[in-house]
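**Student:**
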């Protein structure tokens with residue numbers, strides 16, 4: 001049974017492997033501009049990763065008008081993806 005769901009703009013596509021999800025998000029959805037610094041990144045995992053690796057929680061909350069629960073949800077998504085994904089495979093697939 002698929003474990004990973006896209007959930008970008010109501011996209012309910014599901015994937016057995018997280019690597020498939022990340023590639024899907026990076027290639028099938030528009031890129032988004034970070035509301036903190038303006039950097040353009042793929043939506044989904046890479047947008048979440050950028051926000052929490054490059055900015056403080058406070059900056060994220062202010063820029064996105066996010067609640068503590070929304071911040072925790074995205075931090076949990078980032079942690080889940082990073083603990084399961086083979087990022088070398090993802091990079092190879094996106095570059096190839």
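Residue numbers (the UniProt record's numbering): 1 to 96. Every residue, glycine too, gets a C-beta built ideally from N, C-alpha and C.
For residue 8 versus residue 81, is the C-beta spacing smaller than 9 Å?
**Tutor:** No, they are not a contact pair.
**Student:** Tell me where the alpha helix (DSSP H) around residue 74 begins and ends.
**Tutor:** Its alpha helix (DSSP H) spans residues 68 to 84.
**Student:** As a quick exercise: from 94, 88, 83 and 64, pick the residue whose alpha carbon is nearest that of residue 33.
**Tutor:** Checked all of 94, 88, 83 and 64; the closest Cα to residue 33 is 64.
**Student:** Are residue 70 and residue 36 touching if we call contact CB-CB under 9 Å?
**Tutor:** Result no, Cβ atoms of residue 70 and residue 36 do not sit closer than 9 Å.
**Student:** For residue 74, does the count of other Cβ atoms within 10 angstroms reach 16, so buried, or fall short, so exposed?
**Tutor:** Its Cβ being crowded by 16 or more others within 10 Å, residue 74 is buried.
**Student:** Here's the rule: buried if 16 or more other CB atoms are within 10 angstroms of the residue's CB, otherwise exposed. What is residue 79?
**Tutor:** By the neighbour-count rule (16 or more Cβ atoms within 10 Å), residue 79 is not buried but exposed.
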